[in-house]
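Trainee: Here it is, the structure, as structure tokens.
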Amino acid sequence: MCGIGGAWGGRAGERVRRMAPWLMHRGHEGVGYAYMKGGEIALGEPRDDAEGALVHTRYSTSGEYGVQLQPVLAKYRDLEIAVVFNGTVVNYKRLGVESPSFDGDALAKALAREIWERGVEQGVISVYSKIVGAATLLALTPWGLLAVRDPRGIRPLAYRLYGEGVAFSSETVALGGGQEVAPGLAVLYGKRMAFWKIPPGEAKICAMELVYFAHPASILGNRLVADVRRALGRALAEVETHNFDVVAYVPETARTAAEAFAEALGKPLVDAVVKNRFAGRVFITPPHLRNPGDAFRAVPQLVEGRRVALVDDSLIRGTNIRTVVRLLKEAGAREVHVRIASPPVKWPCFFGMDFQTRRELVAHKRDVEAIRAYIGADSLIYLPLEKFRQILGSACYGCFTGEYPVQINVEEAEVSTRGA
Ligand SMILES: O=P(O)(O)OC[C@H]1O[C@H](OP(=O)(O)OP(=O)(O)O)[C@H](O)[C@@H]1O
Ligand SMILES: NC(=O)CC[C@H](N)C(=O)O
Ligand code: SF4
Ligand SMILES: [Mg+2]
Numbered sequence: 001m002c003g004i005g006g007a008w009g010g011r012a013g014e015r016v017r018r019m020a021p022w023l024m025h026r027g028h029e030g031v032g033y034a035y036m037k038g039g040e041i042a043l044g045e046p047r048d049d050a051e052g053a054l055v056h057t058r059y060s061t062s063g064e065y066g067v068q069l070q071p072v073l074a075k076y077r078d079l080e081i082a083v084v085f086n087g088t089v090v091n092y093k094r095l096g097v098e099s100p101s102f103d104g105d106a107l108a109k110a111l112a113r114e115i116w117e118r119g120v121e122q123g124v125i126s127v128y129s130k131i132v133g134a135a136t137l138l139a140l141t142p143w144g145l146l147a148v149r150d151p152r153g154i155r156p157l158a159y160r161l162y163g164e165g166v167a168f169s170s171e172t173v174a175l176g177g178g179q180e181v182a183p184g185l186a187v188l189y190g191k192r193m194a195f196w197k198i199p200p201g202e203a204k205i206c207a208m209e210l211v212y213f214a215h216p217a218s219i220l221g222n223r224l225v226a227d228v229r230r231a232l233g234r235a236l237a238e239v240e241t242h243n244f245d246v247v248a249y250v251p252e253t254a255r256t257a258a259e260a261f262a263e264a265l266g267k268p269l270v271d272a273v274v275k276n277r278f279a280g281r282v283f284i285t286p287p288h289l290r291n292p293g294d295a296f297r298a299v300p301q302l303v304e305g306r307r308v309a310l311v312d313d314s315l316i317r318g319t320n321i322r323t324v325v326r327l328l329k330e331a332g333a334r335e336v337h338v339r340i341a342s343p344p345v346k347w348p349c350f351f352g353m354d355f356q357t358r359r360e361l362v363a364h365k366r367d368v369e370a371i372r373a374y375i376g377a378d379s380l381i382y383l384p385l386e387k388f389r390q391i392l393g394s395a396c397y398g399c400f401t402g403e404y405p406v407q408i409n410v411e412e413a414e415v416s417t418r419g420a
């Protein structure tokens, strides 16, 4: 999903450098910076006294894995800008940019061209009228820092004002506070100050941000993310049908929902599965480096002879859950009952997550019983879609329902994106 950050005004360089570790749960393939000094834009780690600066933590959805490709420096005639973005541009090969290396390259170059031709306000509106997908972006421009929240609000953005400037970030936790930028709002902050709206400006935050991606201490859609996860855990307890001795969870994100689930059922929560803190997030690790067997261990002393409910926040490719069910059984658990605090993911995402084909999804062409057998669990219960929607409200549910907030042809998009 990528983390983006930017700052303008006093200590901009220092601000973005300090933001970076607070954005790495959104992407750890690489961290890149750009800065402006003496009116010149350059790539590289900014010094404290930069006039403006950008940071990007990458979880790629386009182009090569593991290559640091953002920020992108784009030049059109005598205009130079640096761009970071969070999201996916499905039709990036059709933005009139010659041989783009990935969607971010096409987006940055198209933005430079449109701004040069039409001015900042109309240029931004024009680019967004052409792209299919989702994009929240930050850019260093000759006039200051440009910030644009995705017009459907699918990808997040927050800001915080300081006496001497401003900072923007994917998440409030990285700013140590701040407020959300409204969907479709564009802001120019610096030598010129402006803000304007890009249609349609709907509030459709990615449901998966609330389930898994965002930091639990961030505010999204005016709610603390951890509160939403607790509500999902409580709702999951309402549909429980089995009895068990202890509640375990797949670390780390599922802990919040599991705690609420265990509380609601009056069962003890145990740290029966541990995750190496240096392993990072398995799901956003590039496929050739993903290794759940190295990331997790089960603790036999906590599960031997017991019936275990194993909670996870989401089940997408099944990588984590298959490993953890096996580890618990090997550690002596008598039964392992898997509980997922969100509904089955049956459809790809074309808006900033790297599951861009149906065939890689566990729930594609499998019913719940077939999934249970595939993951080796004794029983499997997902949170029903209806309860999920009641808790989340207006959001993108595309990967759960196949109904996307942007018109998309799934067959075509599977091929035009990385899924090919
Ligand atoms: O079905 P899958 O394809 O395995 O994807 C879902 C799993 O991946 C994520 O965890 P991850 O290890 O990325 O991060 P976390 O430590 O934040 O839970 C998520 O929390 C689930 O555990
Ligand atoms: N997850 C993201 O936001 C990815 C951004 C962009 N599509 C890239 O691949 O770099
Ligand atoms: S399709 Fe799923 S992962 Fe993608 S933006 Fe929508 S809810 Fe989020
Ligand atoms: Mg997890």
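Its first residue numbered 1, the sequence shown is counted upward by one per residue in the UniProt record's numbering. Note that beta-carbon positions come from the ideal geometry of N, C-alpha and C, so glycine has one too. The structure displayed is predicted, hence computed values, not measured ones.
Do Val338 and Leu302 have their C-beta atoms closer together than 9 Å?
Mentor: No.
Trainee: Given 8 Å as the limit, tell me if Ile391 has its C-beta closer than that to any heavy atom belonging to ligand 3.
Mentor: False, no ligand heavy atom lies under 8 Å from that Cβ.
Trainee: Do the CB positions of Ala186 and Leu175 come within less than 9 Å of each other?
Mentor: It is not a contact, given that the beta carbons lie outside the stated cut-off.
Trainee: For Phe85, is the beta carbon positioned less than 8 Å from some heavy atom of ligand 2?
Mentor: At least one heavy atom of ligand 2 is nearer than 8 Å to the Cβ of Phe85, so yes.
Trainee: Kindly list the residues whose CB is nearer than 6 Å to the CB of Ile131, restricted to its own chain and excluding five residues on each side of it in sequence; keep chain order.
Mentor: Result list for Ile131: Val89, in chain order.
Trainee: I need the straight-line Cα distance from Pro384 to Glu403, nearest angstrom please.
Mentor: Looking at the two C-alpha atoms, the distance is approximately 17 Å.
Trainee: Which ranges does the beta strand (DSSP E) cover as unbroken runs of at least 3 residues, wholly within the segment 310 to 352, from first to last along the chain?
Mentor: Runs found: 335 to 340.
Trainee: Spatial neighbours of Gly165 within its chain, please: CB distance less than 7 Å, with the 5 preceding and 5 following residues excluded, ordered by chain position.
Mentor: Contacts found: Ala7, Trp8, Gly9, Gly10 and Ala12.
Trainee: CA-CA distance, Glu121 and Ile198?
Mentor: Straight-line Cα distance between these residues: approximately 9 Å.
Trainee: Please report the distance separating the alpha-carbon of Gly123 from that of Ala110.
Mentor: Near 9 Å, if we compare the C-alpha coordinates of Ala110 and Gly123.
Trainee: Identify whether Gly123 lies in helix, strand or coil by the three-state DSSP scheme.
Mentor: Of the three classes helix, strand and coil, the one that applies to Gly123 here is helix, per DSSP.
Trainee: Note the first and the last residue of the continuous alpha helix (DSSP H) segment covering Arg18.
Mentor: Run containing Arg18: Ala12 to Met19, per the alpha helix (DSSP H) assignment.
Trainee: Is the closest heavy atom of ligand 3 to the C-beta of Ile321 under 8 Å?
Mentor: Result no, Cβ not under 8 Å from ligand 3.
Trainee: Which value, in whole angstroms, describes the spacing of the CA atoms of Met1 and Val273?
Mentor: Taking the straight line from one Cα to the other gives about 26 Å.
Trainee: Please go through the segment 92 to 141 and give each complete alpha helix (DSSP H) segment of 4 or more residues, from N-terminal end onward.
Mentor: You should have 103 to 118 and 120 to 130.
Trainee: In the structure shown, what three-state DSSP assignment does Lys387 receive?
Mentor: Helix, per DSSP.
Trainee: Touch check for the segment 196 to 211 and the segment 219 to 231: three-plus C-beta pairs under 8 Å?
Mentor: Taking 8 Å as the limit for Cβ pairs, the verdict is that the segment 219 to 231 does touch the segment 196 to 211.
Trainee: Near Val72, what residues of its chain come up, given a Cβ to Cβ distance below 6 Å and the 5 sequence neighbours on each side ignored?
Mentor: Taken in chain order, the residues that qualify are Val83, Gly104, Asp105 and Ala108.
Trainee: If you run the structure through DSSP and keep just helix, strand and coil, what is Arg44?
Mentor: The question names Arg, but residue 44 is Gly in the sequence shown. Coil.
Trainee: Tell me whether the beta-carbon of Ser394 lies closer than 9 Å to the beta-carbon of Ala135.
Mentor: No.
Trainee: Could you tell me if the beta carbon of Tyr397 falls within a distance shorter than 8 Å of some heavy atom in ligand 3?
Mentor: Yes, Cβ of Tyr397 sits closer than 8 Å to a heavy atom of ligand 3.
Trainee: Could you tell me the boundaries of the alpha helix (DSSP H) in which Tyr35 lies?
Mentor: No alpha helix (DSSP H) holds Tyr35; the beta strand (DSSP E) holding it covers Val31 to Lys37.
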